[in-house]
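**Q** Pasting a structure here, questions to come.
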Amino acid sequence: MKKIGLLILALLLALGVLGFAYAKWSHTATLHGTISSGDVCVEFGHGNNPDPCQLPPPAPVVPHIDLAAPGDPFYPEAIWHGYKDKDVGCTSVSGEGTNTLLVTINNAYPSYYNDLEIEVHNCGTVPVKISSITIDPQDFTRALTMFNLQDPGQIWIGWSNGQGDQIEPGGQVGSSLKIHVEQPALQGYSYHFTVTIVANQWNEPV
Amino acid sequence: MKKAAFLVMALIIALGALGFAYAKWQSTITIQGTINTGTVKIGIRDTGTTDPPPDLITPPGVVDPNILPNYEPTNGTRDPRVDPLAPWTAGGTPNWVFTDLKNVAATDSDNPDAAVPVCTCSSVGYFASVSENITNAYPFYAPTMTLDIAGCGTIPVKIENVQLTNIQGNASILNTPCVEWGWNFSGVCTGAGHGTLAEMVQALKDSKCQIHQCQVLTIGLTAVFLECLPQSSSVSFDIVVTASQWNEV
Chain B
27 MKKIGLLILA
37 LLLALGVLGF
47 AYAKWSHTAT
57 LHGTISSGDV
67 CVEFGHGNNP
77 DPCQLPPPAP
87 VVPHIDLAAP
97 GDPFYPEAIW
107 HGYKDKDVGC
117 TSVSGEGTNT
127 LLVTINNAYP
137 SYYNDLEIEV
147 HNCGTVPVKI
157 SSITIDPQDF
167 TRALTMFNLQ
177 DPGQIWIGWS
187 NGQGDQIEPG
197 GQVGSSLKIH
207 VEQPALQGYS
217 YHFTVTIVAN
227 QWNEPV
Chain R
222 MKKAAFLVMA
232 LIIALGALGF
242 AYAKWQSTIT
252 IQGTINTGTV
262 KIGIRDTGTT
272 DPPPDLITPP
282 GVVDPNILPN
292 YEPTNGTRDP
302 RVDPLAPWTA
312 GGTPNWVFTD
322 LKNVAATDSD
332 NPDAAVPVCT
342 CSSVGYFASV
352 SENITNAYPF
362 YAPTMTLDIA
372 GCGTIPVKIE
382 NVQLTNIQGN
392 ASILNTPCVE
402 WGWNFSGVCT
412 GAGHGTLAEM
422 VQALKDSKCQ
432 IHQCQVLTIG
442 LTAVFLECLP
452 QSSSVSFDIV
462 VTASQWNEV
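Order-wise, the sequence lines are chains B and R.
First residue of the first sequence: 27, per our numbering; consecutive thereafter.
First residue of the second sequence: 222, per our numbering; consecutive thereafter.
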């Protein structure tokens with residue numbers, strides 16, 4: 027009896043399924059989806075270089091001479107942001123609008139100092155946050171402090187601002203790259219360093 | 222049951238972390254920095270003396286035309302000297318006399334001790350050192366030497382120190398010449414004075430004259446030997462000039 031009941035149930039189910047397939051009216055609606063992802067992109071913008079190697083034409087009104095460093099014992103504190111009385115060293119900057127900025131200081135000497143304005147431009151469509159800034163001296167010891175004759179470092183490099191800053195698409199933030207040549211620097215020598223700036227999409231932890 | 226829940230939680234966290242790592246987009250930019258340092262160097266050159274060698278001694282019996290009255294002597298013909306009857310006074314222009322004294326004393330000319338100059342500017346070499354040898358000097362002999370110190374490096378320098386060192390022999394000789402000196406750097410840094418050699422060294426040190434690359438500080442030095450100069454005696458010495466970058470002195 028049980029077996030017969032089970033057989034009938036299976037038949038009903040099979041017929042039901044068959045009947046449903048044939049009996050069902052249907053209509054299809056389609057959603058065509060497109061996902062265009064954004065672009066995370068940063069590049070270097072045009073910053074300010076107070077001691078360029080080439081004079082912009084026409085000749086500038088402001089004398090084109092070397093900067094003095096803050097705290098320079100040979101230069102009064104009150105006027106340190108002024109200039110020394112000569113143009114001996116100079117700094118060239120190229121690569122604006124790309125992801126590699128070339129900074130070259132020529133004919134540097136102990137106490138040569140420059141404070142470069144580094145602009146990071148958001149060239150993408152997604153807001154970004156600067157997550158890390160890493161300064162890597164390649165062939166010299168980085169001085170911990172300026173004007174410290176006990177410090178064996180040849181070059182002092184400082185960076186200020188930018189870390190954690192959010193940059194909207196098309197926007198830019200300015201940072202400051204400060205370089206000071208220390209007493210242990212060798213004459214007629216080339217020192218190299220890299221500064222790596224990593225920017226993440228804005229909504230991820232930096 | 223607790224163990225299973227813990228396992229599930231750990232799995233979720235692990236996957237979350239994995240998802241986070243892959244989900245983050247980032248962009249990296251790099252500053253490539255190069256710092257080329259300059260050089261601080263100076264070189265020295267003897268540009269001349271009023272009495273270069275060789276000494277010209279007129280053989281006995283030969284009439285020397287240079288003894289004619291009012292004859293203006295030229296270098297190498299007679300010794301430069303001051304008139305012993307009208308002694309040279311310190312600070313004044315040496316009262317030059319050119320009588321029939323023959324050229325018996327001499328200073329040497331450019332004699333760099335190294336064949337390779339520290340630098341060359343306008344085809345003129347400047348060396349690590351020069352030697353000045355005064356031989357056969359006598360009272361009132363008064364040679365003048367001219368030296369050029371050039372900036373050989375790319376960084377401007379200032380005279381920071383001048384030392385009279387390595388004195389060997391009869392040091393008293395150094396006190397007998399009264400020295401008349403003067404220097405000039407493009408009319409910007411000038412100095413003049415008189416006194417002992419040590420005082421000249423100090424004055425030059427105090428000048429803090431500044432020299433740019435391939436620019437020259439010219440020093441004129443006249444030594445007037447006085448009567449107390451000991452005979453048959455000699456002294457050697459070094460004058461060491463130290464220059465440092467202009468912004469630190």
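Heads up, the beta-carbon is just placed ideally off N, CA and C, and yes, glycines get one too.
All values derive from a computational prediction rather than experimental measurement.
1. Considering only DSSP beta bridges, list what T189 (chain R) is partnered with.
2. Looking at the strands, I want to know which residues DSSP matches up with G269 (chain R).
3. Just how far apart, CA to CA, sit T356 (chain R) and S455 (chain R)?
4. Under the rule that 16 or more other beta-carbon atoms within 10 Å means buried, what is A358 (chain R), buried or exposed?
5. For L212 (chain B), which option in R:W246, R:T258, R:G254, R:P377 has the closest C-alpha, if you only look at C-alpha atoms?
6. Roughly how many angstroms separate the alpha carbons of S350 (chain R) and I440 (chain R), rounded to a whole number?
7. For W402 (chain R), is the classification buried or exposed, using 16 other Cβ atoms within 10 angstroms of its Cβ as the cut-off for buried?
8. Do V114 (chain B) and S157 (chain B) count as a contact pair if the criterion is CB distance below 8 Å?
9. Is any beta-carbon of chain R found at less than 8 Å from that of K112 (chain B)?
10. To the nearest angstrom, how far is it from the Cα of N74 (chain B) to the Cα of I380 (chain R)?
11. What residue range is occupied by the uninterrupted beta strand (DSSP E) comprising D459 (chain R)?
12. Where do the ends of the beta strand (DSSP E) carrying K155 (chain B) lie?
13. Since T258 (chain R) meets chain B, which of its residues come closer than 8 Å, beta carbon to beta carbon?
14. Under 6 Å Cβ to Cβ from G197 (chain B), same chain only, skipping five residues before and after it: list those, please.
15. With DSSP run on the structure shown, which of helix, strand or coil describes N148 (chain B)?
16. Kindly give me the distance between the Cβ atoms of V303 (chain R) and A363 (chain R), rounded to whole angstroms, as I take these residues to be in contact under 8 Å.
17. Count the other C-beta atoms from every protein chain shown that fall within 10 angstroms of the C-beta of A464 (chain R), then say buried if there are 16 or more, exposed otherwise.
18. According to DSSP, is S120 (chain B) part of a helix, a strand, or is it coil?
19. Jot down the residue ranges of each uninterrupted beta strand (DSSP E) in the stretch 388-447 of chain R, minimum 3 residues, whole runs only, in chain order.
20. Looking only at its chain, what residues have a beta carbon closer than 8 Å to the beta carbon of G390 (chain R), apart from the 5 residues adjacent to it on each side?
21. Report the residues of the stretch 357-375 of chain R with a CB closer than 9 Å to any CB of chain B, ordered along the chain.
22. In whole angstroms, what is the alpha-carbon distance linking T344 (chain R) and V146 (chain B)?
23. For chain B, is any of its Cβ atoms less than 8 Å away from the one on Q247 (chain R)?
24. For a contact meaning CB atoms closer than 7 Å, what does F70 (chain B) contact in chain R?
25. Compute the Euclidean distance between the alpha carbons of C430 (chain R) and T251 (chain R), then round it to the nearest angstrom.
26. Identify the contact partners of P338 (chain R) in chain B, using a Cβ-Cβ distance below 8 Å as the criterion.
27. Which residues in the same chain have their Cβ closer than 6 Å to the Cβ of T268 (chain R), if we skip the five residues on either side of it in sequence?
28. Looking only at C-alpha atoms, which of B:K204, B:R168, B:Q209, B:L142 sits nearest to L175 (chain B)?
29. Taking all protein chains shown into account, do 16 or more other C-beta atoms lie within 10 angstroms of the C-beta of A169 (chain B), making it buried, or fewer, making it exposed?
30. If we cut at 8 Å on Cβ distances, does L175 (chain B) have a partner in chain R?
31. Can you tell me the Cα-Cα spacing of L471 (chain R) and G412 (chain R), whole angstroms?
32. Could you check if C4 (chain B) is buried or exposed, using at least 16 other CB atoms within 10 Å of its CB as the buried criterion?
33. For V146 (chain B), decide whether its Cβ has a neighbour in chain R, counting only Cβ atoms nearer than 8 Å.
34. Name the DSSP bridge partner or partners of E143 (chain B)?
35. Assign H415 (chain R) to buried or exposed, taking buried as 16 or more other Cβ atoms, counted over all protein chains shown, within 10 Å of its Cβ.
36. Could you list the residues in the stretch 191-204 of chain B with a C-beta less than 9 Å from some C-beta on chain R, going in chain order?
**A** Taking the coordinates as given:
1. As displayed, chain R neither begins before 222 nor continues past 470, which places residue 189 (chain R) out of reach and without an answer.
2. R:T367
3. 9 Å
4. buried
5. R:T258
6. 14 Å
7. buried
8. no
9. yes
10. 35 Å
11. 456-466
12. 154-163
13. N133, A134, Y135, V207, A211, L212, Q213, G214, Y215, S216, Y217
14. N148
15. strand
16. 5 Å
17. buried
18. strand
19. 398-406, 410-416, 437-446
20. S454, S455, V456, S457
21. G374, T375
22. Just to set this straight, residue 344 (chain R) is Ser in the shown sequence, not Thr. Taking the straight line from one Cα to the other gives about 49 Å.
23. yes
24. I250
25. 43 Å
26. Those within 8 Å of P338 (chain R) in chain B number zero; the least Cβ separation is about 17 Å.
27. T367, D369
28. B:Q209
29. buried
30. no
31. Limits of chain R in this structure are 222 at one end and 470 at the other, which puts residue 471 (chain R) out of reach.
32. Because chain B spans 27 through 232 in this model, residue 4 (chain B) falls outside it and cannot be assessed.
33. yes
34. B:S202
35. buried
36. L203
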